[in-house]
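Reading through the structure tokens given below for one structure.
2 protein chains.
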Amino acid sequence: MTNDSPEIKYLFEPHSVAVIGASLNPNKIGFKIVQNIIEMGYQGKVYPVNLRGGEILGHSIYTSLEDIDGEIDVAVIAIPAPFVLDAVKSCGVNKVKFLIIISSGFSEIGNLEEERKIIHLARKYNIRILGPNIFGYYSAKSSLNASFGPGDIQPGHVAIITQSGALGVSMIGKTSVQNIGLSAIVSVGNKADIDEADLLEYLVDQIETKIILIYMEGIHDGAKLVRTLKKATRKKPVIMIKSGRSKRGALAAASHTGSLAGSDAIFDAIIKQCGVIRAENVTDALNWCKYLSHSPMPSGLNTVIITNGGGIGVMATDACEKYGVKLYEDAERLKTLFHDITPEFGSTKNPIDLTAEASGEDYIAALRKALDDDRIHSVMGFYGETAFVKAEQLANMITQCSQEYIKKGKPFIFSTFGGYHAEQIITTLSRDNYPVYRDVYEAASCLGALYSFYRNQMDISHDVDELDVDIKSINRIVDEAMDDDREFLLALEGQMLLEAIGLSCPKSGVAHSISEAVELAEKIGYPVVMKVISRDILHKSDVGGVLLNLENRNEVIDAYQTILHNCKSFRTDVVIDGLEVVEQIKPGTEVIIGARRDRAFGPIVMFGLGGIYVEVMKDVSFRALPLSRREIRLMVKEIKSYPLLLGVRGERRKDIRQIEETILKIGSVIQHCKKITDIEINPLVVYDQGKGVKSVDVRVLLTKNERIE
Amino acid sequence: MTNDSPEIKYLFEPHSVAVIGASLNPNKIGFKIVQNIIEMGYQGKVYPVNLRGGEILGHSIYTSLEDIDGEIDVAVIAIPAPFVLDAVKSCGVNKVKFLIIISSGFSEIGNLEEERKIIHLARKYNIRILGPNIFGYYSAKSSLNASFGPGDIQPGHVAIITQSGALGVSMIGKTSVQNIGLSAIVSVGNKADIDEADLLEYLVDQIETKIILIYMEGIHDGAKLVRTLKKATRKKPVIMIKSGRSKRGALAAASHTGSLAGSDAIFDAIIKQCGVIRAENVTDALNWCKYLSHSPMPSGLNTVIITNGGGIGVMATDACEKYGVKLYEDAERLKTLFHDITPEFGSTKNPIDLTAEASGEDYIAALRKALDDDRIHSVMGFYGETAFVKAEQLANMITQCSQEYIKKGKPFIFSTFGGYHAEQIITTLSRDNYPVYRDVYEAASCLGALYSFYRNQMDISHDVDELDVDIKSINRIVDEAMDDDREFLLALEGQMLLEAIGLSCPKSGVAHSISEAVELAEKIGYPVVMKVISRDILHKSDVGGVLLNLENRNEVIDAYQTILHNCKSFRTDVVIDGLEVVEQIKPGTEVIIGARRDRAFGPIVMFGLGGIYVEVMKDVSFRALPLSRREIRLMVKEIKSYPLLLGVRGERRKDIRQIEETILKIGSVIQHCKKITDIEINPLVVYDQGKGVKSVDVRVLLTKNERIE
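Set out below in structure tokens:
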């Protein structure tokens with residue numbers, strides 16, 4: 011994309027659409043697209059194009075683009091792959107803004123070269139490309155159905171972006187059955203140019219779109235996606251299905267798409283960081299879209315469950331905990347509110363159990379009390395079929411209360427369970443977009459999705475904390491290593507890098523005499539470790555070349571002599587370059603802090619407790635950069651072994667603040683030094699609160715091929 | 011239950027049923043029950059009973075039980091709680107075998123006393139009781155619907171046992187809508203006498219019942235349940251929903267039912283150990299019941315997915331991994347099989363992707379190839395709606411293949427996704443019990459449930475390994491502590507207990523002279539620890555009363571003198587009872603092994619890695635006793651930190667066999683010594699393979715109130 015590229019708005023709201031490859035054969039894609047455009051009522055100009063000419067559905071077919079007398083905002087290309095490049099050229103000459111390349115036979119089958127040629131050519135003409143390998147797209151704003159999918163898309167408030175064409179086509183059918191209206195559905199296919207982030211730019215500000223649903227298999231430019239998603243989720247809920255969650259699924263995804271699947275753990279963490287609500291499957295995702303596009307937003311977290319059975323109430327409570335729905339807990343207030351309408355054998359504790367004997371009136375009374383109370387922010391009604399409430403009464407109750415709740419701007423959701431009547435009510439009311447579901451888990455998951463969005467609005471930090479790192483010094487260290495033809499830093503260089511960003515490493519120096527050794531030790535502070543430096547000695551410890559726990563001047567003097575003696579006993583002609591005197595690190599809690607330039611997401615950071623916790627227990631947290639201190643705090647808190655940092659078994663709290671600062675520093679380095687691909691401090695020894703941290707070892711990897719971001 | 015109690019068979023297949031509280035008022039429960047019994051075609055004798063007499067639906071009402079001329083197998087009691095006890099007496103006198111107490115107002119509202127009285131009286135007469143606080147029950151075998159639930163239950167192969175009455179009534183409706191036939195549905199309510207285990211005794215051997223579904227809130231007698239479930243799951247799938255999974259849900263369950271909810275982690279582990287398939291919610295549970303009651307059993311694990319879209323294939327792969335469905339991986343063979351019918355852009359790797367262009371014929375051809383191949387054991391077909399397969403073609407494909415698969419005894423499942431036609435096909439075919447589902451996750455979960463059952467048949471061990479423990483010695487130790495009025499063992503007693511079962515503890519002894527100390531140390535082996543024994547000294551270490559790392563005779567002699575000197579410096583009149591000489595334990599991997607008499611499940615064992623892993627990471631496994639060595643091996647392997655025992659970071663494998671033996675030993679103690687409620691070895695230090703384990707510390711709790719089991 012360049013600065014001269016057309017605004018993405020023209021993709022969704024074009025004044026004219028050409029279809030290159032328009033066909034007279036109703037079985038061909040090139041016919042179906044023209045038919046969908048015309049029959050779904052697109053108001054702009056339609057130009058079918060085909061070398062052979064003729065007429066299609068009352069429109070004459072142009073034999074070439076040149077014959078078209080007017081601007082072309084969008085050209086849909088539905089011709090075999092080998093002819094696409096020529097068509098792109100012709101579109102370029104005729105100043106087309108967007109190309110919708112339906113044709114397949116490109117990178118998805120390994121034909122990367124042809125795809126690259128097309129993109130290269132399109133860039134030259136400032137044309138943007140959707141696809142290739144897609145079924146097209148639909149934009150409700152322009153009543154434009156430029157796809158070969160079903161011809162009866164219902165306009166509405168959900169925008170879908172899908173990487174799978176087949177799934178997209180099926181979703182059009184499914185949303186229609188479920189009466190979920192669409193503001194847009196866009197097939198992105200190979201994402202050779204336009205990707206999810208580009209489309210979000212438009213959809214986020216478009217008024218008709220209330221919810222955005224993305225089906226994703228792989229990511230091209232994660233850093234851009236992160237930026238755009240963060241912006242998008244401030245304004246509207248973004249729900250995402252990403253397949254390839256499992257190990258085998260990731261393999262299947264990798265073989266199915268050209269793009270990078272990446273680790274699902276990282277993906278999951280970062281998507282969450284962006285405020286995206288992730289769905290496991292299509293059923294959940296569509297349920298959430300439907301519910302969220304009609305529900306008001308809550309004004310607080312307190313949810314009340316009203317039920318007619320203890321068993322259902324317990325299951326509902328389980329489901330609420332699973333989906334992060336918080337139950338209101340003020341027992342006194344609940345009692346005051348619901349006491350009169352709860353029978354003796356029921357319960358006024360949340361869930362409010364009206365018992366199986368509750369009549370429709372009791373139910374409505376309870377739902378209204380909850381509606382009128384300002385301390386209750388959302389309400390779930392669960393009703394197991396009994397003989398006490400007739401079917402039509404139940405239906406009335408749901409529609410009536412639902413309307414009252416919407417009017418008052420309070421979320422409401424209902425689930426009923428039973429025989430034919432219950433089933434009928436769900437089918438009918440759900441089609442009319444009343445919030446009624448078949449299972450308490452289904453209902454709780456919908457309200458949970460709403461609350462995910464609500465919490466994100468409150469929790470997610472859009473600040474960015476960054477540190478001024480001394481890039482010059484770091485680059486100097488890195489460049490020296492590169493000059494040395496290395497793609498990694500040596501231990502001492504790594505230490506210099508850490509020192510350049512103000513991280514404390516074990517102090518050390520090299521002594522060539524006893525007096526120098528003593529001087530160094532006094533400067534470093536006791537206890538110290540002494541090690542021989544000699545290229546003749548491979549295993550220093552084995553020959554007595556390392557001595558630990560040197561507590562004072564005398565022990566340093568002794569050690570100096572002992573080490574020299576030991577080494578000479580090992581080999582009389584040994585060449586000794588000096589003795590290293592190193593600060594002896596006090597034991598503390600060991601953690602790992604890493605940062606890397608992820609192939610999918612760009613710069614990311616990771617954090618976990620040292621050794622076993624990361625390696626065996628996989629207890630790690632990830633975030634994409636940039637980050638605020640607040641987000642880093644959440645990232646540190648997120649690991650399961652976090653209580654160890656708070657101090658267990660009588661230990662004191664550790665210096666968590668310094669862990670956070672270290673993450674911030676390492677993150678700043680990876681963001682600003684493009685030649686560094688990986689930094690890992692392992693271990694970082696953490697002392698008690700206020701006592702700081704110490705980086706014992708650091709590994710830094712470099713690259714000669716800086717990525718353009 | 012006594013030996014003279016009637017066989018549970020007569021509950022399900024009674025020759026005669028009396029209804030005490032039969033009513034002429036059609037709005038009363040006492041009317042509805044009689045109506046359901048008569049109208050659903052019960053063939054035995056029906057005796058309505060009501061003081062006021064009269065006639066109901068063509069049957070004359072008896073004014074008392076005495077007037078009935080013949081045996082009464084079952085009496086349903088539907089009168090207010092205060093009158094129930096008298097009715098029980100009258101039933102006892104008239105030799106009724108089973109009482110179905112519909113009435114509520116007993117333990118569920120805290121009225122435990124009345125419930126106990128009823129049970130006590132019933133025991134006297136060898137009557138067994140179902141309930142109280144239930145909606146009744148249905149048995150297809152006798153066409154007996156002795157409930158006030160819906161009157162149109164469809165006979166079939168699923169037996170339901172439900173602790174929630176309201177949920178049970180709704181499930182009758184729901185199963186009818188889903189065309190799931192029932193062999194029985196039994197409401198167990200307060201489970202004052204008959205519980206799930208009793209009912210399983212009958213259902214397990216009853217031919218009509220193919221699947222058993224249990225909805226459970228709390229457990230009365232877990233040990234009995236474990237025994238029965240283990241037997242049941244050998245023969246047929248048992249699916250269980252247990253609500254109260256979450257912390258808050260468990261609280262709600264505890265307030266809702268009288269019975270013990272217990273920890274869900276323990277429940278989950280033990281249910282799994284019994285081979286039960288646990289469902290999270292009713293939707294899953296009923297889906298599984300429906301699928302499992304019509305599917306053949308697989309003859310192996312290899313599953314093949316046939317799909318028409320890459321995206322759906324990836325999601326299906328994720329779903330299979332989630333639900334434990336193993337995909338066939340022989341790429342060569344798959345290629346040979348499916349090569350001809352897979353287009354160039356498709357994939358013959360599992361999932362087999364026939365692409366969106368696949369016709370109905372292609373699909374059928376692929377499904378038949380999979381059916382005919384003996385190395386493929388089950389097949390999933392996923393179809394996203396396209397224009398290439400017409401609706402009726404799709405329906406034919408599903409019905410035809412489904413029949414062929416059933417005929418050949420191979421599991422098959424299908425999922426389709428799209429618009430009205432797809433939806434219509436699912437609704438119609440599913441009602442006719444063809445295995446077709448709305449979402450790939452739904453389908454994978456059904457096949458996963460089938461494979462859970464299949465794996466259990468192969469994996470679950472029904473052997474029991476037990477050790478001869480020296481109960482006499484242990485009881486002697488325990489009795490002495492009890493005589494001392496303690497409910498715990500002292501350190502030394504605990505050690506004696508461990509020694510009695512052959513577990514090795516740090517060796518130790520008390521010395522009163524230097525020569526004794528040396529003698530002890532030589533016997534124990536160096537290094538040793540020495541500690542002063544004195545009631546005058548509370549904190550031994552603080553006064554220099556403990557010395558570690560004593561490596562030889564001379565150091566022991568020095569230590570003896572130093573400790574005495576230190577203690578006398580602390581207080582000149584100190585009384586010293588001796589010096590303890592203790593084996594100094596070498597460091598190793600620390601684990602925790604526990605056994606306890608669980609309030610819900612009876613004797614259970616637990617295992618986890620020491621300290622942080624158990625306390626912070628909650629990385630623990632549980633099992634109910636008795637156990638086989640094989641099950642113990644699985645239990646040890648199950649923890650996430652298991653790789654630590656295999657040796658990470660260059661460490662050697664630990665002595666896992668000795669861990670297993672220790673679990674077995676501790677388990678045997680808790681099983682046989684009823685006065686012991688808790689044993690916890692923490693830590694058990696584990697050395698390298700072949701080097702054994704050492705119990706450093708043990709905590710043993712006792713009880714004066716032995717439970718009867």
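First to last, the protein sequences are chains A and B. Numbering-wise, the numbering used here comes out as the position in the first sequence, counting from 1, plus 10. Numbering-wise, the numbering used here comes out as the position in the second sequence, counting from 1, plus 10. Ideal Cβ placement from N, Cα and C applies to all residues, glycine included. What you are looking at is a predicted structure, and each value in this text was computed from that prediction instead of being measured.
Between I543 (chain A) and L589 (chain A) a beta carbon distance of about 7 Å is seen, short of the 8 Å cut, so the two are scored as contacting. Within the same chain, Cβ atoms closer than 6 Å to the Cβ of N136 (chain A) are found at D14 and S15, the five residues on either side in sequence being excluded. Between R667 (chain B) and M468 (chain B), the alpha-carbon positions lie close to 23 Å from each other. The three-state reading of DSSP puts A32 (chain B) in coil, since its state is none of H, G, I, E or B. Following the DSSP letters along the chain, one finds H167 (chain B) inside the beta strand (DSSP E) bounded by residues P165 to T172.
If you check the CB distance, T358 (chain B) and L344 (chain B) come in under 8 Å. Fully contained in the segment 568–630 of chain B are the following beta strand (DSSP E) runs of length 3 or more, in chain order: 588–593, 599–608 and 612–619. Here K675 (chain A) is near V479 (chain A), since their CB atoms are less than 8 Å apart. Burial is judged here by how many other beta carbons sit within 10 angstroms of a residue's own beta carbon; I251 (chain A) has at least 16 and is buried.
For L210 (chain A), there are no neighbours in chain B by C-beta distance under 7 Å, as the nearest C-beta there is about 20 Å away.
Cβ proximity to chain A below 9 Å picks out nothing from the segment 674–706 of chain B. By the neighbour-count criterion, in which 16 or more other beta carbons inside 10 Å mark a residue as buried, G146 (chain B) falls on the buried side. V27 (chain A) has its alpha-carbon roughly 6 Å from the corresponding atom of K55 (chain A).
Our two residues, L239 (chain B) and P636 (chain B), have alpha carbons roughly 14 Å apart in a direct line.
Assigned with DSSP and collapsed to three states, S193 (chain A) falls in strand.
Taken in chain order, the unbroken stretches of alpha helix (DSSP H) that lie wholly in the segment 366–444 of chain A and span 4 residues or more are 370–382, 401–418 and 430–441. The Cβ atoms of I573 (chain A) and I673 (chain A) do not sit closer than 8 Å to each other.
In this structure the segment 385–396 of chain B lies against the segment 315–335 of chain B, because at least three pairs of beta carbons, one per stretch, are closer than 8 Å.
Exclusion of the five residues before and after G63 (chain B) leaves I71 and T73 as the residues of its chain whose Cβ lies within less than 6 Å of its Cβ. Put simply, the CB of I322 (chain A) is near chain B, with a gap under 8 Å to one of its CB atoms. For G146 (chain A), DSSP records a beta bridge to A:S157.
Excluding residues up to 5 positions away in sequence, D363 lie with their Cβ nearer than 6 Å to the Cβ of G320 (chain A) in the same chain.
When 8 Å is used as the limit between beta carbons, S651 (chain A) is near these residues of chain B: I622, V626 and M627, in chain order. Taken through DSSP and simplified to helix, strand or coil, Y301 (chain B) comes out as helix. Counting along the chain, the unbroken alpha helix (DSSP H) around G175 (chain B) starts and ends at G175 to V187. The beta carbon of L654 (chain B) sits closer than 8 Å to some beta carbon of chain A. Annotation: the continuous beta strand (DSSP E) that includes R288 (chain B) extends over I287 to A289. Only residues of its own chain outside the window of five on either side were considered, and among them L210, V214 and V248 have a CB closer than 6 Å to the CB of A242 (chain B), listed in chain order. Using a Cβ-Cβ cut-off of 7 Å, S369 (chain B) is close to nothing in chain A; its nearest Cβ partner there is about 13 Å away. Shown here, Y72 (chain B) sits in a strand according to DSSP, grouped into three states.
Closer than 7 Å at the C-beta level to chain A, one finds these residues of the segment 184–202 of chain B: K184, S186 and V187.
Close to chain B, meaning a Cβ-Cβ distance shorter than 8 Å, are the following residues of the segment 290–321 of chain A: E290, N291, V292, T293, N318, G319, G320 and G321. For V542 (chain A), DSSP records a beta bridge to A:L589. In this chain, the beta strand (DSSP E) harbouring D688 (chain B) covers I686 to V696.
Looking at the DSSP output, L337 (chain A) bridges to A:T313. Looking at the DSSP output, R633 (chain A) sits in a beta bridge with A:V615.
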